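> Quick mapping for you: the protein sequence lines, in order, are chains A and B.
Under my numbering, the first residue of the first sequence carries the number 25, and numbering increases by one thereafter.
Under my numbering, the first residue of the second sequence carries the number 2, and numbering increases by one thereafter.
Here's a structure for you.
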Amino acid sequence: MKEVMLIPKYEIKVPVEAELIRPDVFAGKTIEELSAIKVREGNRISKLGELFHIKGEPGPSPSETKIVIEGDVSKVWRVGEKMKDGQVVIKGNAGAFIGQKMEGGSIVVEGNVDMFLGAKMKGGTIEVFGSALDAVGACYRGEKPGKGMKGGTIIIHGDAGAEVGRGMKSGLIIIEGKCGPMPGVNMKGGTICVKGSCEGKPGARMISGKLVICGHVSEVLSSFYIEDYKDSVKVGVERIPGPFLVFSGDVLANPKCEGKLFISEQANPHLKPLLEYLKPATT
Amino acid sequence: MSELLIKNGYVYDPINNINGEVMDIAVKNGKIVDVKEIDITKAKVIDAKDKVVMPGGVDIHAHVAGPKVNMGRVMRPEDHYKSFMKFVPSIRRSGSGRSVPSTTITGYRYARMGWTTVIEPASPPLKTRHTHDELNDIPIVDKAALLLMDANWFIFDYLENKDYDRVAAFVAWILDALKCYAVKLVDPGEAESWSWGIVGLNFDEQIPGRNLTPRDIVTGLAKVNEMLNLPHSIHVHCNKLGEPGNYETTIKTMHSVRGIARSGRKGIHVTHVQFSSYMGSCWADLRSASEKIAKYVNAHEHASIDMGQVCFGDTTTMTADADFEFTLFHLAKWKWSNMDVELECAAGIVPFNYKPSSYVHATQWAIGLETALLIKDPWKIVLSTDHPNAAPFTKYPRIIAWLMSKKARDEVIAKISRKAAKRLSLPAIDREMTLYEIAVMTRAAPAKLLGLSKFKGHLGVGADADIAIYDLNPAKLDLSKDYKAVVKAFRRAAYTIKDGEVVVVDGEVVNTTYGKTFYVKAEGLDEKLVNEVVQDISAKFKERYSVCLENYVIGLNELRRHHAIQVQPRRGRES
């Protein structure tokens with residue numbers, strides 16, 4: 025695998041729309057051709073060579089190309105959009121819309137990312153070692169349930185913001201830290217696992233899918249029914265030890281209550297009284 | 002102002018009986034003049050050889066501005082990702098949206114298709130200031146707003162006492178005070194009965210809490226319309242809209258006002274008639290009642306209609322028929338917003354997707370076309386989609402192609418629900434409209450129905466220089482077979498000229514101008530009666546409204562460019 029390194033020439037202060045920074049575009053190009061790639065910087069069109077020092081050489085095909093961005097690019101948006109193969113590594117903070125609509129390959133971010141990480145993605149993996157802001161793996165605002173993430177994996181080692189996996193249809197999102205309000209809102213399938221606490225309203229209006237919260241939740245929405253008590257739950261390939269309270273819902277969005285909400289019993293002693301409802305009725 | 006000469010085009014100007022003659026059109030100071038009056042050496046010449054020249058299009062019914070449209074924009078961010086227009090410095094402004102576009106690109110898109118006049122058909126009186134703010138912001142096109150009066154308590158109070166003089170004084174006052182153009186009735190009385198929890202008011206059913214029926218409102222306001230001599234007839238969205246079996250109500254509504262209008266004037270304009278021509282008892286056995294509606298309209302001179310043609314795809318429904326939106330929400334099960342406007346009316350918004358595979362939607366698609374094709378006189382039916390309820394206005398070129406070509410219709414029929422296709426009478430209709438008839442339906446007829454035909458909708462001397470030139474050669478092409486050329490030509494006009502200024506060249510906006518807002522001003526009213534009515538309203542405003550009467554009235558300074566249409570009320574007519 026061959027590597028191309030991009031190093032910002034100066035501190036980027038206005039948003040840069042760089043949807044062309046992806047292995048599919050870089051593969052088989054010379055440094056001169058790469059420098060001429062157009063990116064929109066604020067209200068004007070610049071060239072990639074004006075923003076970054078470009079070193080190294082891309083591979084002949086996308087799968088043999090690795091793009092490494094050194095330094096803080098928190099204003100550079102849409103890196104890896106629609107990528108199908110190859111690797112992107114960002115050694116610093118990254119901007120919004122990283123890996124949106126991606127179909128394959130991998131993205132690794134060593135710092136924090138902005139909003140809409142992996143929005144509407146269809147495949148591939150994204151790993152973030154810092155934290156992410158709102159709408160991880162989400163659909164755009166206002167879209168129907170099921171228009172969000174359709175496949176692939178997102179792993180965030182830090183925290184995430186609000187509305188993780190909004191409208192997602194399939195795929196896996198794992199958040200090692202805590203998350204903001206309303207994870208899994210409008211979700212129609214797939215799995216979200218939050219290892220830390222959640223700020224509230226988990227699974228609001230979820231139609232189907234699996235949402236696991238291992239930390240503290242202040243309350244479960246009243247449109248969820250307690251259904252079961254399980255010792256562990258399977259998330260992707262790993263099995264997370266519990267015990268968990270299992271809720272189904274959201275009855276407001278789907279009267280069949282096909283969404284499953286797993287909430288850790290240990291971290292949520294205030295939910296224990298709900299277990300009473302699981303006991304068989306006595307006369 | 003510059004002079005302009007449009008040479009050698011095939012001119013279609015139905016009001017002046019010009020059908021495809023090769024003519025020159027001269028423009029001076031924003032008006033059409035005789036060719037001799039301009040200095041040919043100095044005038045800018047547009048070569049329209051092998052092109053079609055028509056008056057600028059007039060859209061009689063399109064929800065383009067107002068609080069309801071704005072709520073649609075707020076509700077549907079996803080509609081705005083789909084399409085946008087870029088900002089071009091000193092030429093045009095930016096905007097986004099497909100079914101509920103920004104005000105700016107609403108004007109640009111109309112101009113790109115060669116339309117130059119648009120009527121916003123439903124403005125809640127209390128929120129008309131917002132409507133005018135948005136109308137001011139729509140570039141290029143001329144516009145006007147119709148005022149919702151279907152559940153207005155002041156009108157109800159006067160109508161209950163059969164005090165038509167006071168209704169007339171009130172209507173004249175409010176049209177002038179709010180700078181609106183005509184009377185709009187949406188599901189008369191329904192907003193009132195829905196607040197009592199009753200859905201689907203019959204035409205002869207009493208409105209709860211009132212000694213009135215929808216029939217009283219329609220006939221009462223039709224009389225008042227006639228007393229005031231307003232340029233447009235009453236603009237009615239019928240009761241029971243969107244319910245199977247509602248065609249009887251539609252015919253009853255049209256029939257109730259016969260004999261009220263004097264000869265030569267229309268008594269009623271039934272809008273988006275497609276939604277009001279359903280036969281059957283439920284959605285499963287829905288059938289088209291287009292033949293019945295067409296038969297009635299063919300036989301009577303007092304009624305005119307517009308199509309409300311459905312096109313397949315995603316759109317946003319918005320109407321002042323609040324209970325219908327409530328019903329629709331339960332069909333669509335996604336987003337919904339409703340609103341009740343104090344003592345005046347209500348409204349709602351629901352995004353909706355018309356699918357060709359659905360029996361109901363395919364039937365709806367056919368009803369509009371059937372009605373248009375079965376009505377023999379194109380002066381009685383106007384092309385509309387009830388933008389954005391049945392489709393965005395940008396679909397007009399497709400509808401024109403369907404009307405002009407059986408081949409185009411057959412191609413769609415092959416793709417729609419089989420069950421619907423078997424039951425429709427559309428495949429049996431062979432009529433193909435000519436460009437002249439299209440010019441009637443999109444230009445001359447709406448201008449005439451709106452009472453603007455003195456200076457809109459034609460190319461005679463003295464008319465406003467609103468001209469559309471399409472790159473279409475009717476002498477060479479067989480338009481019924483080559484319908485794609487029709488779509489292409491109407492989608493992007495070769496030139497659009499507004500008030501004598503070229504605003505679109507080859508389908509791209511080259512100039513941002515701002516059109517006029519029309520409103521009606523009645524002159525020679527009985528001053529004493531109007532004062533009495535205003536005092537009466539003023540007292541009720543203090544009691545019931547959230548604003549005071551002084552803030553309700555809209556000043557002329559709030560309109561960017563205004564144009565009053567003076568009317569002389571008829572005298573000596575008793576109720």
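Ideal Cβ placement from N, Cα and C applies to all residues, glycine included.
This one's a predicted model, so the numbers in the text were calculated from it and none came from an experiment.
1. Could you tell me the boundaries of the alpha helix (DSSP H) in which B:W284 lies?
2. B:S576 to B:D164, Cα distance in whole Å?
3. State the CB to CB distance for the pair A:E187 and A:A159, rounded to an integer number of angstroms; the pair is presumed to be in contact (CB under 8 Å).
4. Quick check on the DSSP output: the beta strand (DSSP E) that includes B:M55 runs from which residue to which?
5. Given this structure, state the Cα-to-Cα distance separating B:R74 from B:G463, to the nearest angstrom.
6. When burial is assigned at 16 or more other CB atoms within 10 Å of the CB, is B:E433 buried or exposed?
7. Note down, in chain order, all residues in the region 549–561 of chain B with a beta-carbon under 9 Å from any beta-carbon belonging to chain E.
8. Taking the runs of the alpha helix (DSSP H) that are 4 residues or longer, which of them lie wholly in the region 377–438 of chain B?
9. B:L460 and B:I156 - do their beta-carbons sit closer together than 8 Å?
10. To the nearest angstrom, how far is the alpha carbon of A:A162 from that of B:A63?
11. Chain B partners of A:E167, CB-CB under 9 Å?
12. Can you give me the C-alpha to C-alpha distance between A:H77 and A:I69, rounded to a whole angstrom?
13. Would B:W335 pass as an interface residue toward chain A - the criterion being a Cβ-Cβ separation below 8 Å?
14. Here's a check: name, in chain order, each residue in its chain whose Cβ is nearer than 6 Å to the Cβ of A:R64, leaving out the five neighbours to either side.
15. Who are the near neighbours of B:N17 in its chain, counting only those whose CB is closer than 6 Å to its CB and skipping five residues on each side?
16. Using C-beta distances below 6 Å, list every residue in its chain close to B:A152, excluding the 5 sequence neighbours before and after it, in chain order.
17. Can you tell me whether B:R574 is buried or exposed, with buried defined as 16 or more other CB within 10 angstroms of its CB?
18. Might you give, ordered along the chain, the residues of its own chain that have their beta carbon closer than 6 Å to the beta carbon of B:F85, omitting 5 neighbours on each side?
19. Which residue or residues does DSSP assign as beta-bridge partners of A:M25?
20. How would you label B:H270, buried or exposed, when you count the other beta carbons within 10 angstroms and need 16 or more for buried?
21. Can you list, in chain order, the residues of its chain whose CB lies under 8 Å from that of B:V554, leaving out five sequence neighbours each side?
22. May I ask which residues mark the beginning and end of the alpha helix (DSSP H) holding A:G204?
23. Identify the contact partners of A:Y164 in chain B, using a Cβ-Cβ distance below 8 Å as the criterion.
24. May I ask which residues mark the beginning and end of the beta strand (DSSP E) holding B:A304?
25. Is the distance from the Cβ of B:T372 to the Cβ of B:S278 below 8 Å?
26. So what does DSSP say about A:Y34, is it helix, strand or coil?
27. In the DSSP assignment, what residue or residues form a beta bridge with A:I237?
28. Quick check: what's the CA-CA separation for B:R561 versus A:N67?
29. Give a yes or no on whether the C-beta atoms belonging to A:K225 and A:P205 are separated by under 8 Å.
30. Give every residue of the same chain whose Cβ lies closer than 8 Å to the Cβ of B:K52, excluding the five residues on either side of it in the sequence, and list them in chain order.
31. Where in the region 187–250 of chain B do unbroken runs of the beta strand (DSSP E), each at least 3 residues long, occur, reported from the N-terminal end onward?
32. Just verifying my parser: in three-state terms, what is the DSSP assignment at B:R93?
33. Quick check on the burial criterion: 16 or more other C-beta atoms within 10 angstroms. Buried or exposed for B:C283?
According to the data block:
1. From DSSP, B:W284 is part of no alpha helix (DSSP H); its letter is neither H nor E.
2. With a pLDDT of 42 at B:S576, under the threshold of 50, the modelled position of that residue is not reliable, and the figure given next carries that caveat. Looking at the two C-alpha atoms, the distance is approximately 8 Å.
3. For A:E187 against A:A159, the beta-carbon gap comes to about 5 Å, under 8 Å, which counts as contact.
4. Unbroken beta strand (DSSP E) run through B:M55: V53 to P56.
5. Distance between the alpha carbons of B:R74 and B:G463: 39 Å.
6. With 16 or more other Cβ atoms within 10 Å, it is buried.
7. Among the protein chains of the structure shown, namely A and B, there is no chain E.
8. Runs found: 397–405, 407–414 and 419–424.
9. Not a contact, by the Cβ cut-off of 8 Å.
10. Each residue's Cα considered, the two are about 34 Å apart.
11. Neighbours of A:E167 in chain B, taken as residues at a C-beta separation under 9 Å, are given in chain order as P78, E79 and Y82.
12. Looking at the two C-alpha atoms, the distance is approximately 18 Å.
13. It does: the Cβ of B:W335 has a partner Cβ on chain A nearer than 8 Å.
14. Within the same chain, E41 come within 6 Å of A:R64 by CB-CB distance, once the 5 residues on both sides are set aside.
15. Correct list, in chain order: H459 and G461.
16. Cβ-Cβ distances below 6 Å link B:A152 to A192, E193 and C346 in the same chain, with the five nearest sequence neighbours on each side left out; the list follows chain order.
17. Because B:R574 carries a pLDDT of 48, less than 50, the predicted location of this residue cannot be relied on, and no value is offered for it.
18. The residues are S97.
19. BP columns for A:M25 are empty, so no partner.
20. Answer is buried; the Cβ neighbour count reaches 16.
21. So the qualifying residues of the chain are A178 and L179.
22. First-last for A:G204: undefined, no H or E at that position.
23. Per Cβ cutoff of 8 Å: P78, E79 and Y82.
24. Per DSSP, B:A304 belongs to the beta strand (DSSP E) from A304 to D307.
25. The answer is yes: Cβ separation under 8 Å.
26. Note: A:Y34 maps to coil in three-state DSSP.
27. For A:I237, the pairing in a beta bridge is given by DSSP as A:V218 and A:I287.
28. As the crow flies, the alpha-carbon of B:R561 is around 30 Å from that of A:N67.
29. Yes.
30. Result list for B:K52: G10, Y11, I470, Y471, D472, L473, N474 and A495, in chain order.
31. Within the region 187–250 of chain B, the complete beta strand (DSSP E) runs of at least 3 residues are 235–238.
32. Secondary structure of B:R93 (DSSP, three-state): strand.
33. Flag for B:C283 reads exposed.
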